[in-house]
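Chains as they are written, first to last, in my numbering: chain R, 1 to 226; chain G, 227 to 452.
Everything on this sheet refers to the single structure shown next.
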DNA sequence: CCCATTAAATGACTGATAGTCAGTAAATCA
DNA sequence: TGATTTACTGACTATCAGTCATTTAATGGG
């Protein structure tokens, strides 16, 4: 039955159209200020139809955010090909995350709500599972690199690669969040260069995790300025 | 005029009563799910009266959160008295933050919204200034300790104490946020001890900032387990 | 003590918005 | 061609932040 398949395709396409409309509004206004009526208008559909495709505003928000995750995953994959050394790869991942932050700021911002407990409760289980899948892929990529580093004697043998990944992520994420706020308190009043701070921290943490062998190798990779 | 003073006192008291009622509801439900009607009922006042004392729901939320800041500041102050050494103080500050997180979890959670851009736009300038004052006090405390450490040759001379403070804060904060989510993904599926991870990171970062002298002193302070 | 004035508090009302559902239109099928 | 299924609609409901005309209470002068 070709008709069923065509209908399936059309449904999927409609789903994408809705995500695209939602994206426009969520990017412009953020979650609380965006309204489903507005999204419906951009999508040229009635509000009721949105609810045929997504259970809630929050679910739709996650659907948009997932596009960001996919972009991030591809960027990470591309930044860390197998033929590169462990240190090159882990540094490239850090850079790729920052590049994602700069280039896809709107997606980056959406993740804020993902860390919110109240938000989690608003979202359907299916949608959360979908996200978890995506996150897991990114996660495995990073942990895999650190694991390689341990095997190769570049990182401390007693380092837990999952612990290490969390620490590196937590650090970069928190600093980018601050950068994004673009609060004059930091940049003007305190005269702090947050990007430099983030890089410094990344370096500090990485070095702290390395063996002597790793540190030697690391020195050859660092740019002139520390 | 004793009457004017009494009225002033009563107004201040009412203000506190409102904060206390709001606190109960915000703790129970979080910002989005809490309603002003509910707060008014707990305060045994009409909703209109709440708006005589606070410009918006968000302003009231901040007023509650500020109670948390004050507690945190007192805890930090107490944890880091002048007679202690720099390293003892900076470690005690880290511990105090974690203690605040555990003991005043509800206040800790409130700060999530403080990092949200949309939230900032909802809040009155006066209220933000009030918060900034409180934050500045905590900030100066921490930066002061690190500055002392640099002067005493315990931290690297080229370390920017404000940068260092941000890094330490970002790290602890991000990990506690994760702990608070209490996501089975980390604790059960990945079998990660987030508290250990946080302590490990704090240690890693601190050590990375120290001179040889500092590291020697640090070793005498560490508990048996690394 | 009484009444005018000021201050404090009220709660019905407005406007906005998430989500629903009975009804309509269009496509498909027999 | 008419019956049935599927996709879509938009008026409607419930909820809630914030307002404001009105009421209530306190104060102070005469």
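We put the beta carbon where it would ideally sit given N, CA and C, even for glycine.
Inset, instruction - Using a Cβ cut-off of 8 Å (strictly closer), state whether residue 24 of chain R contacts chain G. - result: Start at 1 with the first residue of the first chain, and residue 24 of chain R comes out as number 24. Not closer than 8 Å to any Cβ of chain G, the Cβ of residue 24 of chain R fails to qualify, so no.
Inset, instruction - For residue 171 of chain R, count neighbouring C-beta atoms within 10 Å of its own C-beta (all shown protein chains included) and say buried if the count is 16 or more, exposed if not. - result: Here residue 171 of chain R is taken as the residue at index 171 of the first chain, counted from 1. Under this definition residue 171 of chain R is a buried residue.
Inset, instruction - Hey, could you find the ends of the alpha helix (DSSP H) residue 169 of chain R is sitting in? - result: Here the question's residue 169 of chain R lines up with position 169 in the first chain. Segment 161 to 181, the alpha helix (DSSP H) holding residue 169 of chain R.
Inset, instruction - State the start and end residues of the unbroken alpha helix (DSSP H) segment that holds residue 223 of chain R. - result: To locate residue 223 of chain R, count along the first chain from 1; it is residue 223. Unbroken run through residue 223 of chain R: none, as it is neither H nor E.
Inset, instruction - Measure the C-alpha to C-alpha separation of residue 202 of chain R and residue 151 of chain R and round it to an integer number of angstroms. - result: For the purposes of this step, residue 202 of chain R is identified with residue 202 of the first chain, where counting begins at 1. For the purposes of this step, residue 151 of chain R is identified with residue 151 of the first chain, where counting begins at 1. Looking at the two C-alpha atoms, the distance is approximately 21 Å.
Inset, instruction - Indicate the three-state DSSP secondary structure (helix, strand or coil) for residue 416 of chain G in the structure shown. - result: For the purposes of this step, residue 416 of chain G is identified with residue 190 of the second chain, where counting begins at 1. Coil.
Inset, instruction - Can you grab the Cα-Cα spacing for the pair residue 3 of chain R / residue 9 of chain R, in whole Å? - result: Looking up residue 3 of chain R in the first chain gives position 3. Looking up residue 9 of chain R in the first chain gives position 9. When rounded, the distance between both Cα atoms is 10 Å.
Legend entry - Chain-ordered residues of the stretch 289 to 323 of chain G with a beta carbon less than 8 Å from chain R: none
Legend entry - Candidates G/348, G/380, G/295, of which the one nearest residue 311 of chain G by Cα: Position 85 of the second chain, counted from the start, is the residue given in the question as residue 311 of chain G. If we check each option's Cα against that of residue 311 of chain G, G/380 comes out closest.
Inset, instruction - On the DSSP bridge assignment, give the partners of residue 155 of chain R in chain order. - result: The residue you call residue 155 of chain R lines up with position 155 of the first chain. In DSSP, residue 155 of chain R forms a bridge with R/210.
Inset, instruction - Please confirm if residue 110 of chain R has its CB atom under 8 Å from at least one CB of chain G. - result: Translated into the one-based positions of the first chain, residue 110 of chain R becomes position 110. So, not an interface residue.
Legend entry - Minimum Cβ-Cβ distance from residue 147 of chain R to chain G less than 8 Å: Taking the first residue of the first chain as 1, we reach residue 147 of chain R at position 147. Answer no: the Cβ-Cβ gap between residue 147 of chain R and chain G never drops below 8 Å.
Legend entry - Segment contact flag, the stretch 405 to 419 of chain G with the stretch 351 to 365 of chain G, C-beta cutoff 8 Å, min 3 pairs: no
Legend entry - Helix, strand or coil at residue 16 of chain R [DSSP, three-state]: Counting from 1 along the first chain, the entry for residue 16 of chain R is found at position 16. Note: residue 16 of chain R maps to helix in three-state DSSP.
Legend entry - Sufficient close CB pairs (3 or more, under 8 Å) joining the stretch 40 to 47 of chain R to the stretch 97 to 112 of chain R: no
Inset, instruction - Tell me, please, whether the CB atom of residue 207 of chain R is closer than 8 Å to any CB atom in chain G? - result: On the first chain, position 207 is the one that residue 207 of chain R refers to. For residue 207 of chain R, the answer is yes, since a Cβ of chain G falls inside 8 Å of its Cβ.
Legend entry - Minimum C-alpha distance to residue 68 of chain R - residue among R/57, R/27, R/82, R/88: Position 68 of the first chain holds residue 68 of chain R. Out of R/57, R/27, R/82, R/88, R/27 has the C-alpha closest to the C-alpha of residue 68 of chain R.
Inset, instruction - Report yes if the C-beta of residue 133 of chain R is less than 7 Å from at least one heavy atom of the ligand NAD; otherwise report no. - result: Among the components modelled here there is no ligand, and therefore nothing to report on the ligand NAD.
Inset, instruction - Tell me, please, whether the CB atom of residue 197 of chain R is closer than 8 Å to any CB atom in chain G? - result: Translated into the one-based positions of the first chain, residue 197 of chain R becomes position 197. Answer yes: the Cβ-Cβ gap between residue 197 of chain R and chain G drops below 8 Å somewhere.
Inset, instruction - Measure how close the beta-carbons of residue 119 of chain R and residue 58 of chain R come, nearest whole angstrom, since I'm counting them as under 8 Å. - result: Position 119 of the first chain, counting from 1, holds the residue named residue 119 of chain R. Position 58 of the first chain, counting from 1, holds the residue named residue 58 of chain R. Right, their Cβ atoms sit about 6 Å apart.
Legend entry - CB of residue 434 of chain G within 8 Å of CB of residue 149 of chain R, strictly: The sequence position of residue 434 of chain G within the second chain is 208, counting from 1. The sequence position of residue 149 of chain R within the first chain is 149, counting from 1. It is not a contact, given that the beta carbons lie outside the stated cut-off.
Legend entry - Whether residue 14 of chain R touches residue 53 of chain R by CB criterion (8 Å): Position 14 of the first chain, counted from the first residue, corresponds to residue 14 of chain R. Position 53 of the first chain, counted from the first residue, corresponds to residue 53 of chain R. Taking 8 Å as the Cβ cut-off, residue 14 of chain R and residue 53 of chain R qualify as a contacting pair.
Legend entry - Coil, strand or helix - residue 57 of chain R by DSSP: Position 57 of the first chain, counting from 1, holds the residue named residue 57 of chain R. Here residue 57 of chain R sits in helix by DSSP.
Legend entry - Beta carbon of residue 166 of chain R nearer than 8 Å to that of residue 418 of chain G: Start at 1 with the first residue of the first chain, and residue 166 of chain R comes out as number 166. Start at 1 with the first residue of the second chain, and residue 418 of chain G comes out as number 192. Result yes, Cβ atoms of residue 166 of chain R and residue 418 of chain G sit closer than 8 Å.
Legend entry - Neighbour flag for residue 341 of chain G against chain R, beta carbons, 8 Å: As a working mapping, residue 341 of chain G is identified with position 115 in the second chain. Interface residue, yes.
Inset, instruction - Residues of the stretch 253 to 281 of chain G with a CB closer than 7 Å to any CB of chain R: list them in chain order, please. - result: 256, 258, 259
Legend entry - Segments of 4+ residues assigned as alpha helix (DSSP H) that fall wholly inside the stretch 313 to 356 of chain G: 331 to 336, 343 to 348
Legend entry - Own chain partners of residue 245 of chain G with C-beta closer than 8 Å, once the 5 adjacent residues on each side are dropped: Locating residue 245 of chain G in the second chain gives position 19, where the first residue counts as 1. Excluding sequence neighbours, residue 245 of chain G sits near 286, 289, 290, 293.
Inset, instruction - Starting from the Cα of residue 162 of chain R, find the closest Cα among R/222, R/37, R/141 and give me that residue. - result: Along the first chain, read from residue 1 onward, the residue named residue 162 of chain R stands at position 162. Considering only alpha carbons, the answer is R/141.
Legend entry - First and last residue of the uninterrupted alpha helix (DSSP H) at residue 270 of chain G: Here residue 270 of chain G refers to the residue found at position 44 when the second chain is read from its first residue. Where residue 270 of chain G is concerned, there is no enclosing alpha helix (DSSP H), given that its DSSP letter is neither H nor E.
Legend entry - Residues of its chain near residue 17 of chain R, where Cβ-Cβ distance is below 7 Å and the 5 sequence neighbours each way are ignored: One-based indexing of the first chain puts residue 17 of chain R at position 17. Taken in chain order, the residues that qualify are 43.
Legend entry - Own chain residues within Cβ distance below 7 Å of residue 423 of chain G, not counting five before or after: In the second chain, residue 423 of chain G corresponds to position 197, counting from 1. Contacts found: 401.
Legend entry - For residue 90 of chain R, the nearest candidate out of R/169, R/216, R/212 (CA to CA): Numbered from 1 along the first chain, position 90 holds the residue referred to as residue 90 of chain R. Nearest C-alpha to residue 90 of chain R: R/169.
Inset, instruction - Answer yes or no: do residue 371 of chain G and residue 306 of chain G have a C-beta to C-beta separation smaller than 8 Å? - result: In the second chain, the residue the question calls residue 371 of chain G occupies position 145. In the second chain, the residue the question calls residue 306 of chain G occupies position 80. Yes.
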